[in-house]
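Here the protein sequences come in this chain order: Y and W.
Following this note's numbering, the numbering of the first sequence begins with 8 at its first residue and continues without gaps.
Following this note's numbering, the numbering of the second sequence begins with 8 at its first residue and continues without gaps.
Here a beta-carbon is modelled for each residue, glycine too, at the ideal position from N, C-alpha and C.
Please read the structure below before turning to the comments.
There are 2 protein chains.
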Amino acid sequence: MDPVKVGLLGLGTVGGGTLNVLTRNAEEIARRAGCDIQITHAAAKSYDPDSLTGLDRVEVGDDAFAVVKNPDIDIVVELIGGYSPARELVLEAIENGKHVVTANKALIALHGNEIFEAAEQKGVMVAFEAAVAGGIPIIKAVREGLAANKIEWVAGIINGTGNFILTEMKDKGRDFGDVLKEAQALGYAEADPTFDVEGIDAAHKLTILASLAFGIPLQFDKTYTEGIASIEPQDVTYADQLGYRIKHLGITRKTDKGIELRVHPTLIPHRRLIANVDGVMNAVLVKGDAVGPTLYYGAGAGAEPTASAVVADIVDIARALTADPNHRVPHLAFQPSHLSDTPVLSMDDVVTAYYLRMSAQDKPGVVAKVAGILGDLGISIEAIQQKEPLEGEETANLVMLTQPVLEKSMRQAIDSIEAMDSIEGKVVMIRVEYLDS
Amino acid sequence: MDPVKVGLLGLGTVGGGTLNVLTRNAEEIARRAGCDIQITHAAAKSYDPDSLTGLDRVEVGDDAFAVVKNPDIDIVVELIGGYSPARELVLEAIENGKHVVTANKALIALHGNEIFEAAEQKGVMVAFEAAVAGGIPIIKAVREGLAANKIEWVAGIINGTGNFILTEMKDKGRDFGDVLKEAQALGYAEADPTFDVEGIDAAHKLTILASLAFGIPLQFDKTYTEGIASIEPQDVTYADQLGYRIKHLGITRKTDKGIELRVHPTLIPHRRLIANVDGVMNAVLVKGDAVGPTLYYGAGAGAEPTASAVVADIVDIARALTADPNHRVPHLAFQPSHLSDTPVLSMDDVVTAYYLRMSAQDKPGVVAKVAGILGDLGISIEAIQQKEPLEGEETANLVMLTQPVLEKSMRQAIDSIEAMDSIEGKVVMIRVEYLDS
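Written as structure tokens, this is what we have:
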């Protein structure tokens, strides 16, 4: 079998990692793939030659568009990130009949529908294993490994920066801003941490997972996104006392009414395996009707873990080159002609349990009144704990867990509770997921 | 695309589950595969029609050899288990140009080399995802998802019965025989539990994982196998006090000298995710040089979890039907012409850390003498704890953890310790793995 020729766009962290892994493990990879995989061309604005191995066999330039048009190249690997010119480069590569591998979650989540349609018309493949949960082969698992199942829900820790921050807050009682600064110093968080801590990065990945799980078009704009910046150390502590850990989860679930698509901090019972996924690691829990729950864990970012997924995609494409395009694994797991128009639910229509914390004046009747408001809206209380006022303060913390209820009802209850004279400030609300059915 | 026609051998637990999943999820599966998958024929000695759906569209007989010869069938699914006639049926199916799917770990571990060679000569595929860890797509992960990596080691909880027993022993302080009886009553363990508790079933699966990870032929006869029947509640307790859990692990590791291939009870630090995999669940931890550690968790047995893997294999084969056979995923991950002859190491040459427990007379100098024996053999002690004698007994338990050392040296040390007058009976030895590098 002829060598497969790859054009690499970007020689930064992931691009460099990809070159290094392909160089170091060339023999092992060829023994698996049955052919050599050669990066013959690369385009990069700048790069550090000292950190790269095998660069001598690569023609490096700064014109990415020249690479995607190069007739000698079979597969274009897009590792420059961002929306533009990544989108234009990928579409141009497809137009030129190239297969594409990308690690770009933002690009796929926002422009994937357009990109896959172009690819299908041209009969080429676009692979994106590295776009979700880095080195964990989660796309392969959902798209192929669980093909027998009706997927019921997916819940994932899919942003390592956020998980590092929450882990430090739990283990050391530190506060959010303090840990964020450390994460930036360690290189886990970007100088502008918005995408990570506000949940946008996780929402990109969840959008992709939901499409693979349920066969719906990519709908990033319908993903509900809530970050972790407002999580306070006391909530981490109270959750722990109740037997829960707070994790930043991406959750997508198919219900009778539609598909839930939401990223937010979540209390999970601490005995669940996923509650014990700590630090920068990622994990995705997938519930299928036949297989039950399965979990996939590993590094969600970093040069070589991401390269691991990129190279696996290249090998997959090398193998599928001779297959009838109709027999390939569809981009979004389901045949493009058989995607579903099941609607994405608004948060008002989502049902979950809740953790509530409020600052209540330490006088009789407050708990009864709060409980009454909840009861009137049909909300059952699972647990209620009054925390003693701190020294010098007059208000006590009232912490409660509710049974599952419609979010619309919970928001209505919170409005009423916040209107009480004896409740000060806002009610803190964090969703609770049991992840057991 | 034409429907793919499947002949099913066996309508027991997994065969019935496969029929039921293919019937219930027919539409979902066809939307993914791009074609219908139909079980047109089945062979079974006996079955329970009330537990099966879709049986009306299947021609059921009792002659399995008639099914494997039937010219209308594309894929034969072997779910009768055991060595014979499973081996003859699979070889006959291959001879007749059928692709084969099997859940039969014993068959693949012992006869896989012969079966894959026959399949390669005939240009057909033999898929066996269900043979290792039930519904977890671990074969796909190792063979395809991690194709970029040099795999360094694999460690798995790959027998649910054994893990259920160890979990109950830990959670409830029960002893082995007591829990085994309950496992049999619950249907988790067979009436003859030998394969599960002596580690033979795990050794079958580990043999397969090692070949996929390192590209070596299947070598079941070289797998070291030690069961869990001798684990005592006190060892579970002492391990816990030291910060470890005892799990029955299959471990395969590539070292400079060769490949370790071993199934035995193992102490694991309790903070490792895999140490928290409880009950009948399975999990496999795979360390790749690029991706780092990844873990795959789910149900390792049961009708529908196993069927999930069987059906995923059928879909994979349906997709690969038109591909050039040279471009398919190789049976053992590496091209058959590129398998490696790296030797499997004897246990003497394995290096691990150890947990030791011995019954020592409660008098001065015993600890010093034991430590001296270890020291003379270059074995460093990590921790040592003397447990008070129980009421009415004269011997105390001496519990220690050692640093990693060659097993040959450890066995020599144990011989010397057991020869001491002040040590009574045998030394309990359980290997320790940190699973962090």
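Three or more beta-carbon pairs separated by less than 8 Å link the stretch 307 to 318 of chain Y to the stretch 16 to 23 of chain Y, which places the two stretches in contact. Proximity of residue 177 of chain Y to chain W, defined by a Cβ-Cβ separation below 8 Å, is not satisfied. For residue 312 of chain Y, the C-beta contacts it makes with chain W under 8 Å involve 297, 298 and 299, in order along the chain.
One thing to note: residue 389 of chain W has its Cβ within 8 Å of the Cβ of residue 408 of chain W.
Nearest to residue 94 of chain W by alpha-carbon distance, out of W/78, W/113 and W/105, is W/113. For residue 202 of chain W, there are no C-beta contacts with chain Y under 8 Å, since the nearest C-beta of that chain is about 23 Å from it.
Residue environment: residue 245 of chain Y is assigned as buried (16 or more neighbouring CB atoms within 10 Å of its CB, all protein chains considered). Beta bridge pairing from DSSP links residue 252 of chain W with W/275. Residue 341 of chain Y belongs to the set of residues whose beta carbon lies under 8 Å from a beta carbon in chain W.
Separation of residue 125 of chain W and residue 357 of chain Y (C-alpha to C-alpha, rounded to the nearest whole angstrom) is 54 Å.
Classified as exposed, residue 128 of chain Y has fewer than 16 neighbouring CB atoms from the shown chains inside 10 Å of its CB. A Cβ-Cβ separation of about 5 Å places residue 232 of chain Y in contact with residue 270 of chain Y under the 8 Å criterion.
Remark: fewer than three beta-carbon pairs, one from each stretch, lie closer than 8 Å, so the stretch 190 to 203 of chain Y and the stretch 328 to 335 of chain Y are not flagged as touching. Using a CB distance cut-off of 8 Å, residue 159 of chain Y does not count as an interface residue toward chain W. At a Cβ-Cβ threshold of 8 Å, residue 227 of chain Y and residue 346 of chain Y do not count as neighbours. Assignment of beta-bridge partners to residue 50 of chain W by DSSP yields W/16 and W/68. For residue 368 of chain Y, the uninterrupted beta strand (DSSP E) run begins and ends at 358 to 368, by DSSP. Residue 211 of chain W sits in a helix when the DSSP states are folded into three classes. For residue 176 of chain W, the enclosing alpha helix (DSSP H) has its first and last residue at 167 to 179. With contacts defined as CB atoms closer than 8 Å, residue 275 of chain W and residue 442 of chain W qualify as a contacting pair. Checking the DSSP bridge columns, you'll see residue 431 of chain W partnered with W/366. Cβ neighbours of residue 218 of chain W within its own chain (closer than 6 Å, five residues either side excluded): 225 and 339.
Counting every other CB atom within 10 Å of its CB across the protein chains shown gives residue 383 of chain W a total below 16, marking it as exposed.
For residue 316 of chain Y, the enclosing alpha helix (DSSP H) has its first and last residue at 310 to 327. Interface with chain W (8 Å Cβ-Cβ cutoff): residue 277 of chain Y is excluded.
Here residue 80 of chain Y is near residue 47 of chain Y, since their CB atoms are less than 8 Å apart. For residue 402 of chain Y, the enclosing beta strand (DSSP E) stretches over residues 402 to 409.
In the DSSP assignment, residue 106 of chain W falls outside any alpha helix (DSSP H) and lies within the beta strand (DSSP E) extending over 106 to 109.
Residue 94 of chain Y is outside the set of residues whose beta carbon lies under 8 Å from a beta carbon in chain W. Here DSSP, grouped into helix, strand and coil, assigns residue 155 of chain Y to coil. Looking at the DSSP output, residue 289 of chain Y shares a beta bridge with Y/305. Cβ contact annotation for residue 242 of chain Y (same chain, cutoff 7 Å, sequence separation greater than five): 253, 364, 435 and 437, in chain order. Here the alpha carbon of residue 202 of chain W sits roughly 22 Å from the alpha carbon of residue 311 of chain W. In this structure residue 282 of chain Y does not touch residue 28 of chain W by the C-beta definition: roughly 30 Å separates them, more than the 8 Å allowed.
Annotated three-state conformation of residue 230 of chain Y is coil, per DSSP. For residue 9 of chain Y and residue 137 of chain Y, the gap between their C-alpha atoms comes out near 25 Å.
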